[in-house]
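Asker:
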Amino acid sequence: MANEAAIINTAARASLWLQPHRIVLILIAFGLVASAAYFMRWDWLPQYWKMGLVGIWRALWILAVTCTLGFMIAVPVGLAQAAGSIWVAAPAKVFCTIIRGTPLLLQLWLLYYGLGSLFPQYPWIRESWMWPYLRQAWPYGVLALTLSFAGYEGEVMRGAFAGVPKGQLEAARAFGMSRWKIFRRIWLPQAFYRALPTLTGETVLQLKSTPLVATISVIDIFAVSSKVRQDTYLTYEPLLLLALIYMAITGILVFAFSRIEARIPVKIG
Amino acid sequence: MLGLLHSLEIAVGATILGLLIGTWGAYSKLYGGPVVRDLFAVYTTVVRAVPELVLILLLYYAGTDLINQVLAAMGYQRVDISGLVAGIAVLGFVQGAYSTEVIRGAILAIPQGQIEAARAFGMSPGLLLRRITLPAMLPFAIPGLANLWLIATKDTALLAVVGFFELTLATRQAAGVTKAYLVFFLAAGVLYLCVTLISNFLLGRAEKWARRGMPSIKEAR
Chain H
1 MANEAAIINT AARASLWLQP HRIVLILIAF GLVASAAYFM RWDWLPQYWK MGLVGIWRAL
61 WILAVTCTLG FMIAVPVGLA QAAGSIWVAA PAKVFCTIIR GTPLLLQLWL LYYGLGSLFP
121 QYPWIRESWM WPYLRQAWPY GVLALTLSFA GYEGEVMRGA FAGVPKGQLE AARAFGMSRW
181 KIFRRIWLPQ AFYRALPTLT GETVLQLKST PLVATISVID IFAVSSKVRQ DTYLTYEPLL
241 LLALIYMAIT GILVFAFSRI EARIPVKIG
Chain X
270 MLGLLHSLEI AVGATILGLL IGTWGAYSKL YGGPVVRDLF AVYTTVVRAV PELVLILLLY
330 YAGTDLINQV LAAMGYQRVD ISGLVAGIAV LGFVQGAYST EVIRGAILAI PQGQIEAARA
390 FGMSPGLLLR RITLPAMLPF AIPGLANLWL IATKDTALLA VVGFFELTLA TRQAAGVTKA
450 YLVFFLAAGV LYLCVTLISN FLLGRAEKWA RRGMPSIKEA R
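So the sequences go chain by chain: H and X.
Numbering (this note's numbering) for the first sequence: 1 to 269.
Numbering (this note's numbering) for the second sequence: 270 to 490.
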């Protein structure tokens with residue numbers, strides 16, 4: 001019975017997708033893709049695909065690291081703004097305003113060119129164990145992206161923390177939970193559920209800001225495509241492929257997050 | 270300073286162009302035929318899924334090239350498209366996709382009765398848009414559009430990558446000449462921050478004005 005309904009449901013959905021005009025549009029899209037594949041030059045692909053895979057991997061790695069670290073910073077920042085005294089809340093607020101008020105490219109260049117040019121002046125930094133890392137570009141990229149994610153996400157978490165109903169916290173306190181336990185078991189999970197839809201959007205935004213690190217000479221997929229363009233003098237092909245890759249990653253991210261969201265009970269608060 | 274002016278010019282131009290595309294897109298998505306609706310769905314999805322930097326590169330080169338080819342095919346001379354116009358067009362195209370979604374949501378938030386009443390009065394669609402839909406959706410759209418404006422001011426920095434002379438690139442050149450990287454970048458950051466804070470204040474006022482006569486959110490809760 002349920003099976004039958006499911007079949008009807010999928011059939012209805014398929015017919016919704018395959019309305020006549022949609023078929024025509026899909027055919028046109030296929031035609032465009034096919035003509036692009038046929039008329040444009042793709043002979044550079046075999047030479048560069050390995051580099052491209054490394055680039056994609058690096059972009060994903062930067063995305064994962066900066067999102068995780070950024071979220072870990074965002075939780076205290078959001079908490080400080082939602083519940084802290086003014087001495088904690090004000091710096092957190094200023095941090096969020098500054099990060100959200102200036103372009104990421106500027107922050108990145110400030111860290112890389114600004115801070116990066118300061119460090120070599122101090123001999124004790126040059127001799128310390130950090131120097132091999134500070135000489136490379138990627139720590140600055142990761143730092144800038146992490147801070148930016150923390151700034152945007154901190155604001156989201158502030159709203160999420162403030163949005164958890166007071167009764168929940170009072171009930172937890174009435175159970176005699178310690179403050180840390182309340183935070184860990186009640187406050188954080190509920191705030192996280194609330195923030196999850198926004199978190200999806202923020203993660204996609206973060207993905208879309210990863211190509212900026214290419215401007216400070218980190219070789220991610222964007223830098224690979226620029227290199228292809230310089231080597232082969234092709235303008236469009238690498239860029240189009242790049243756009244396609246980013247769309248695919250975005251699609252996968254959104255799908256993954258929607259799966260996570262579906263697992264969370266809808267009725268909260 | 271010239272850089273800041275250029276940045277602001279582009280941001281204003283791109284936002285206005287984006288608003289026009291957005292209104293048109295939202296209307297098409299809501300009331301348009303099936304083909305138009307699907308085309309706009311593809312447009313908003315693609316633009317919002319691809320990084321702005323890639324889009325800017327793609328449109329900047331492809332757009333100027335395409336226009337020149339069309340002009341050449343029609344027998345005109347090649348024109349040099351100024352960075353300002355190209356920047357506005359590219360950012361406006363990107364902004365259009367985002368504002369389409371914002372405005373679509375805002376129009377959906379208008380109580381249906383208001384539009385039906387206007388139709389019952391026999392208003393033409395243009396009059397309906399001007400007198401009812403746009404003013405009524407404004408309070409719902411302003412927070413989203415304010416966000417878009419702030420994003421636009423910050424996206425102008427990306428045009429530095431294609432070599433357009435605006436605040437970020439100007440800063441970098443000045444810093445490169447004087448070797449005082451930290452000072453110049455910090456100063457540019459302060460300038461951007463000022464733009465953001467001032468527009469935050471103004472947009473807050475605008476929202477209050479657009480919401481006049483409506484029940485306050487705090488009371489409704």
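The C-beta atom is built at its ideal place from N, Cα and C for all residues, glycine as well.
The structure presented is a predicted model; accordingly, all values stated were derived computationally and were not measured.
How should H:Phe255 be labelled, buried or exposed, when 16 other C-beta atoms within 10 angstroms of its C-beta is the threshold for buried?
Answerer: The count along the first sequence starts at 1 and reaches residue 255 of chain H at position 255. Exposed, since its Cβ has fewer than 16 Cβ neighbours within 10 Å.
Asker: Please report how far the alpha carbon of H:Val156 lies from the alpha carbon of H:Ala34, in whole angstroms.
Answerer: Along the first sequence, one-based indexing puts residue 156 of chain H at 156. Along the first sequence, one-based indexing puts residue 34 of chain H at 34. C-alpha separation (whole angstroms): 43 Å.
Asker: Compute the Euclidean distance between the alpha carbons of X:Ala489 and X:Thr402, then round it to the nearest angstrom.
Answerer: As a first step, residue 489 of chain X must be located in the second sequence, where it is residue number 220. As a first step, residue 402 of chain X must be located in the second sequence, where it is residue number 133. Residue placement at X:Ala489 is flagged as unreliable, the pLDDT there being 41, under the threshold of 50; the coordinate-derived value follows with that caveat. Their backbone Cα atoms lie some 23 Å apart in a straight line.
Asker: Comparing alpha-carbon positions, which option in X:Ala405, X:Asn469, X:Gly365, X:Ala479 lies nearest X:Ile384?
Answerer: Here residue 384 of chain X refers to the residue found at position 115 when the second sequence is read from its first residue. The shortest C-alpha separation from X:Ile384 is found at X:Ala405.
Asker: Express the C-alpha separation of X:Lys423 and X:Ile486 in angstroms, rounding to a whole number.
Answerer: Residue mapping note: residue 486 of chain X aligns to position 217 of the second sequence, counting from 1. Residue mapping note: residue 423 of chain X aligns to position 154 of the second sequence, counting from 1. With a pLDDT of 49 at X:Ile486, under the threshold of 50, the modelled position of that residue is not reliable, and the figure given next carries that caveat. For X:Ile486 and X:Lys423, the distance between alpha carbons rounds to 30 Å.
Asker: Helix, strand or coil for H:Ala223, going by three-state DSSP, please let me know.
Answerer: Residue 223 of chain H sits at position 223 when you count from the first residue of the first sequence. Three-state result, H:Ala223: helix.
Asker: I want to see whether chain H comes within less than 7 Å of X:Tyr300, judged by CB atoms only; does it?
Answerer: Taking the first residue of the second sequence as position 1, residue 300 of chain X is located at position 31. Chain H contact via Cβ: absent.
Asker: Alpha carbon to alpha carbon, how far is X:Leu273 from H:Ile219? Give it in angstroms, no decimals.
Answerer: Position 219 of the first sequence, counting from 1, holds the residue named residue 219 of chain H. Position 4 of the second sequence, counting from 1, holds the residue named residue 273 of chain X. Rounded to the nearest angstrom, the two C-alpha atoms are 30 Å apart.
Asker: By Cβ distance, which residues of its chain are closer than 7 Å to X:Leu366, with the 5 residues on each side in sequence left out?
Answerer: Position 97 of the second sequence, counted from the start, is the residue given in the question as residue 366 of chain X. Looking at the sequence provided, one finds Ala at residue 366 of chain X rather than Leu. So the qualifying residues of the chain are Tyr312, Thr313, Val316, Arg317.
Asker: List, in order along the chain, the chain X residues whose C-beta lies closer than 7 Å to that of H:Arg22?
Answerer: Within the first sequence, the letter at position 22 stands for residue 22 of chain H. Result: Asp307.
Asker: Going by alpha carbons, who is nearest to H:Arg194 out of H:Gly114, H:Phe161, H:Pro91, H:Leu212?
Answerer: Here residue 194 of chain H refers to the residue found at position 194 of the first sequence. Checking every option, the nearest Cα to that of H:Arg194 belongs to H:Phe161.
Asker: Taking the alpha-carbon of H:Ala243 as reference, which of H:Ile221, H:Ser117, H:Gln230, H:Tyr233 has the nearest alpha-carbon?
Answerer: The residue you call residue 243 of chain H lines up with position 243 of the first sequence. Out of H:Ile221, H:Ser117, H:Gln230, H:Tyr233, H:Ile221 has the C-alpha closest to the C-alpha of H:Ala243.
Asker: Tell me which residues share the same chain as H:Ala191 and place their Cβ nearer than 6 Å to its Cβ, disregarding the 5 neighbours each side in the sequence.
Answerer: If you number the first sequence from 1, residue 191 of chain H lands on position 191. Only Ala160, Phe161, Val164 meet the Cβ criterion.
Asker: Rounded C-beta distance between X:Leu472 and X:Gly356? I'm assuming under 8 Å.
Answerer: For the purposes of this step, residue 472 of chain X is taken as the residue at position 203 of the second sequence. For the purposes of this step, residue 356 of chain X is taken as the residue at position 87 of the second sequence. Actually they do not touch by this definition, with Cβ atoms about 23 Å apart.
Asker: Quick check on the DSSP output: what are the complete alpha helix (DSSP H) runs of length 4 or more inside the stretch 152-188 of chain H, in order along the chain?
Answerer: List check, alpha helix (DSSP H) in window: 166-174, 179-182.
Asker: Among residues of its own chain, excluding the 5 on either side of X:Thr292, which ones have a beta-carbon nearer than 7 Å to its beta-carbon?
Answerer: Translated into the one-based positions of the second sequence, residue 292 of chain X becomes position 23. Excluding sequence neighbours, X:Thr292 sits near Ile372.
Asker: At 4 residues or longer, what runs of the alpha helix (DSSP H) sit wholly inside the stretch 77-153 of chain H?
Answerer: Taking only runs of at least 4 residues, the alpha helix (DSSP H) segments lying wholly in the stretch 77-153 of chain H are 86-101, 104-109, 123-127, 131-134.
Asker: Under a Cβ-count criterion, where at least 16 other Cβ atoms within 10 Å of its own Cβ denotes burial, should X:Trp418 be classed as buried or exposed?
Answerer: For this step, residue 418 of chain X is matched to residue 149 along the second sequence. By the neighbour-count rule (16 or more Cβ atoms within 10 Å), X:Trp418 is buried.
Asker: Hey, how far is the Cα of X:Asp334 from the Cα of X:Gly391?
Answerer: By one-based count along the second sequence, residue 334 of chain X stands at place 65. By one-based count along the second sequence, residue 391 of chain X stands at place 122. Each residue's Cα considered, the two are about 47 Å apart.
Asker: Return the residue from the list H:Lys181, H:Val224, H:Arg263, H:Thr68 that minimises the CA-CA distance to H:Gly154.
Answerer: Here residue 154 of chain H refers to the residue found at position 154 when the first sequence is read from its first residue. Ranking H:Lys181, H:Val224, H:Arg263, H:Thr68 by Cα distance to H:Gly154 puts H:Thr68 first.
Asker: Name the chain H residues that come within less than 7 Å of X:Tyr329, Cβ to Cβ?
Answerer: Taking the first residue of the second sequence as 1, we reach residue 329 of chain X at position 60. Within chain H, no residue comes near X:Tyr329; the closest Cβ sits about 10 Å away, beyond 7 Å.
Asker: At a Cβ threshold of 7 Å, is H:Lys227 touching chain X?
Answerer: Walking along the first sequence from the start, residue 227 of chain H turns up at place 227. Chain X contact via Cβ: absent.
Asker: I need the DSSP call for H:Ser217, collapsed to helix, strand or coil.
Answerer: Along the first sequence, one-based indexing puts residue 217 of chain H at 217. Coil, per DSSP.
Asker: Buried or exposed: H:Glu170, going by 16 or more other Cβ atoms within 10 Å of its Cβ?
Answerer: By one-based count along the first sequence, residue 170 of chain H stands at place 170. It is exposed - the Cβ of H:Glu170 has fewer than 16 other Cβ atoms within 10 Å.
Asker: Spell out whether any CB of chain C is found under 7 Å from the CB atom of X:Tyr450.
Answerer: Going by chain labels, chain C is absent from the structure shown, which instead holds the protein chains H and X.
Asker: Grab me the residues of X:Pro412's own chain with a C-beta within less than 8 Å of its C-beta, minus the 5 sequence neighbours each way, in chain order.
Answerer: Looking up residue 412 of chain X in the second sequence gives position 143. Excluding sequence neighbours, X:Pro412 sits near Glu476.
Asker: I want to verify the contact list: residues of chain X whose CB lies under 8 Å from the CB of H:Tyr236, in sequence order.
Answerer: Mapped onto the first sequence, residue 236 of chain H falls at position 236. Those are Leu327, Tyr330, Ala331, listed as they occur along chain X.
Asker: Flag this pair as touching only if the stretch 96-114 of chain H and the stretch 226-237 of chain H have three or more C-beta atom pairs under 8 Å; answer yes or no.
Answerer: No, the stretch 96-114 of chain H does not touch the stretch 226-237 of chain H.
Asker: Less than 8 Å between the CB atoms is what I'm expecting for H:Pro211 and X:Val319, so what's the real figure, rounded?
Answerer: As a first step, residue 211 of chain H must be located in the first sequence, where it is residue number 211. As a first step, residue 319 of chain X must be located in the second sequence, where it is residue number 50. Not quite, the Cβ-Cβ distance comes to about 10 Å (not below 8 Å), so this is no contact.
Asker: In whole angstroms, what separates the C-alpha of H:Gly269 from that of H:Arg263?
Answerer: Position 269 of the first sequence, counted from the first residue, corresponds to residue 269 of chain H. Position 263 of the first sequence, counted from the first residue, corresponds to residue 263 of chain H. With a pLDDT of only 43 at H:Gly269, under 50, the local geometry of the prediction cannot be trusted, and the value read off the model is given with reservation. Straight-line Cα distance between these residues: approximately 17 Å.
Asker: Taking Cβ to Cβ, would you say X:Gly361 is nearer than 7 Å to X:Gly294?
Answerer: As a first step, residue 361 of chain X is located in the second sequence; it is residue number 92 there, counting from the start. As a first step, residue 294 of chain X is located in the second sequence; it is residue number 25 there, counting from the start. Going by C-beta atoms, X:Gly361 is not nearer than 7 Å to X:Gly294.
Asker: Helix, strand or coil for H:Ala2? Go by DSSP, reduced to three states.
Answerer: The sequence position of residue 2 of chain H within the first sequence is 2, counting from 1. Its pLDDT being 49, under 50, H:Ala2 is placed unreliably in this model, and the coordinates cannot settle the point.
Asker: What is the rounded straight-line gap between the Cα of X:Phe470 and the Cα of X:Gly282?
Answerer: In the second sequence, the residue the question calls residue 470 of chain X occupies position 201. In the second sequence, the residue the question calls residue 282 of chain X occupies position 13. So the two alpha carbons sit approximately 20 Å from each other.
Asker: Less than 7 Å between the C-beta atoms of X:Ala439 and X:Phe453, yes or no?
Answerer: The residue labelled residue 439 of chain X in the question sits at position 170 within the second sequence. The residue labelled residue 453 of chain X in the question sits at position 184 within the second sequence. Not closer than 7 Å, so no.
Asker: At the level of alpha carbons, what is the spacing between H:Leu115 and H:Ala144?
Answerer: As a first step, residue 115 of chain H is located in the first sequence; it is residue number 115 there, counting from the start. As a first step, residue 144 of chain H is located in the first sequence; it is residue number 144 there, counting from the start. If you take the alpha carbons of H:Leu115 and H:Ala144, they lie about 12 Å apart.
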